[in-house]
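> The structure follows.
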Amino acid sequence: ILERMPPAWELAVVQERYPTMYEESMNTVVKQECLRYNKLLWCMASSLKDFRKAIKGLIVMTFELEDVGKSMFVNEVPKMWDGKAPPSLKPLSSWYLDIIERV
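And the structure:
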């Protein structure tokens, strides 16, 4: 999952390309969505890196990291990610492909 993760949006580039204007209210929505997906991608990347370290014994396996591992094992979206993502009932594999397409 970590290797296929798309890069985060450059918010400065988004701001330049879609400036906040009264006539173009969708620009505000685009910027908010970019910010929302950046938070999700950051959460996913950091938890996966920490989970990898915890498996190796380099850091303590917290309850949240244990949930990430268990959820991935049964193909479910971890609770830590689910709260930051758009609502979905898809299994982890389909959910992740959907996130990649959206970003």
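Just so we're aligned, residue 1 is where the sequence shown starts under this note's numbering, counting upward by one.
Cβ coordinates follow ideal geometry from the N, Cα and C atoms, glycine included.
(1) Excluding the five sequence neighbours on either side, which residues of its own chain have a C-beta within less than 8 Å of the C-beta of PRO6, listed in chain order?
(2) For the stretch 78 to 85 against the stretch 31 to 45, are there 3 or more C-beta pairs whose distance is under 8 Å?
(3) Can you have a look at VAL74 and say buried or exposed, based on whether 16 or more other CB atoms are within 10 angstroms of its CB?
(4) Are the beta-carbon atoms of TRP95 and VAL77 separated by less than 9 Å?
(5) Under DSSP, the alpha helix (DSSP H) around TYR37 begins and ends at which residues?
In this structure, then:
(1) In its chain, beyond the 5 residues on either side, LEU41, ILE100, VAL103 have a beta carbon closer than 8 Å to the beta carbon of PRO6.
(2) Cβ pair count under 8 Å is three or more, so yes.
(3) Label assigned to VAL74: exposed.
(4) Cβ atoms of TRP95 and VAL77: closer than 9 Å.
(5) Segment 26 to 56, the alpha helix (DSSP H) holding TYR37.
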